[in-house]
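>
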Amino acid sequence: MHAKKIAALCAIFSISIQLLCACGKEQADGLNQIRVGVASYNQSDTFLSGLVECLKESIHSYDEKGYETTVMLRDAASSQRKQDDQLKELVDAGCNVLCVNLVDRSAPSEIIDLAKEYDIPVIFFNREPVAEDIMQWDRLYYVGAPAEQSGVMQGELAAELIHSNPQTDRNRDGKIQYVVLEGEPGHQDAIIRTENAVDTLRSKGIELEKLSYGIANWNRAQAENRMLQMISQYQSKIELVLANNDDMALGAIDAYEKLNYTESALPVFFGIDGTDSALQAVKEGKLAGTVYNDKERQGQVMAKLAVAVVTGERMAEVKFENDRYIYVPYKSGTGHF
Ligand code: BGC
Ligand code: CA
């Protein structure tokens, strides 16, 4: 009995010593310090600033798990050159992982060279570099969402509404006259969302007639302007507005409100993102639907990956596609996520 007790005590003692050593080692190597540099293309972008908030929260949640986290945020205000400089600052400030939302997704080379030089892993997010760039080095990753899926979901929501409300076809010609509000040209989420939404509507048996489109760069005010132009050209002929994101759908609604259109002359509007204002507009019946771009999950996935790439721990738990990509699924619904 006595011998057993001593053996047990010895075991506990040796485990404690091991734990102490492990902690000591971590401290010495600074491995429990996660210093994240976050570079945003533009913090005035509604979805993006929300996503960055979620990312910050998720990173700081690791403080409870024995890590010391810091987040340094930079806003490039849509200038790639500014962003390149900001990344140098973040490296100088001692960041050991970088989360980069590129301004120009075709121009990551300076950032990649810098990261390689200092051996700092980079997680690109939301604005996807081309595969050749990601494949330049094995410490480059991408976290985003599958653009096609959001387009398909938007198309499904629109098809459902059109099927269940025949009055959507206001002039009763058997076709839905539609316009598109597009995000930034060259952004992976712009064209792909449009194509998939339109193809899905067609595959659900809806006849479509495209009247026009306007590029509004994800922006509410620009969308209002583009929409005002399209309304002046087509008056009440427009029956459906497909917007590549919620802010542009809300801008289109603003245009009609400005012109005091009566409800019976309004088209139906669809967005993507599930921003707070859009969900509110869905509740009020102004916006017919939106698709949820899961910023909470994207933030969690990035934080987990950031900790894993800095510490080298739990890397095996991260599920990649094509080695270094993670796509977080969208959620569909008419406002309840
Ligand atoms: C979002 C847009 C946002 C853009 C920024 C897209 O995924 O849907 O709202 O403006 O990312 O890069
Ligand atoms: Ca019609």
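With this note's numbering applied, the sequence shown corresponds to residues 175 to 511, in that order.
All C-beta atoms in this analysis are idealised placements derived from N, C-alpha and C, irrespective of residue type, glycine included.
1) Using the three-state DSSP reduction, which class does residue 259 fall into: helix, strand or coil?
2) Under three-state DSSP, which class holds residue 230?
3) Sorry if obvious, but does the Cβ on residue 376 come closer than 7 Å to a heavy atom of ligand 2?
4) Could you tell me the alpha carbon to alpha carbon distance between residue 328 and residue 344, rounded to whole angstroms?
5) Rounding to the nearest angstrom, what Cα-Cα distance links residue 323 and residue 504 in this structure?
6) Look at residue 261 and residue 213 and say whether their C-beta atoms are less than 8 Å apart.
7) With 16 as the cutoff for other CB atoms within 10 Å, does residue 494 come out buried or exposed?
8) Starting from the C-beta of residue 240, find all residues in its chain whose C-beta is less than 7 Å away, skip the five residues before and the five after it, and write them out in chain order.
9) Within 10 angstroms of the Cβ of residue 437, are there 16 or more other Cβ atoms? Answer buried if so, exposed if not.
10) From this set, 271, 330 and 326, which residue's C-alpha is nearest residue 298's C-alpha?
11) Where residue 490 and residue 479 are concerned, what is the direct C-alpha to C-alpha distance, given to the nearest angstrom?
12) Between 248, 453, 252 and 208, which lies nearest to residue 232 when the distance is taken from Cα to Cα?
13) Is it buried or exposed, residue 309, if we count other Cβ atoms within 10 angstroms and call 16 or more buried?
Put simply:
1) Look at residue 259 here: in three-state DSSP terms it is helix.
2) In this structure, residue 230 counts as helix in the three-state DSSP scheme.
3) For residue 376, the distance from the CB to the nearest heavy atom of ligand 2 is not below 7 Å.
4) One C-alpha to the other measures close to 21 Å.
5) When the Cα atoms are used, residue 323 and residue 504 turn out to be separated by approximately 7 Å.
6) Pairing residue 261 with residue 213 gives a Cβ-Cβ distance under 8 Å.
7) Burial call: exposed.
8) Excluding residues within five positions, the ones whose Cβ falls inside 7 Å are 206.
9) Taking all protein chains in view, the Cβ of residue 437 is surrounded by fewer than 16 other Cβ atoms within 10 Å, so the residue is classified as exposed.
10) The option with the nearest alpha carbon to residue 298 is 271.
11) Answer to the nearest angstrom: the Cα atoms are 11 Å apart.
12) Closest by alpha carbon: 208.
13) Exposure of residue 309 is indicated by the presence of fewer than 16 other C-beta atoms within 10 angstroms of its C-beta.
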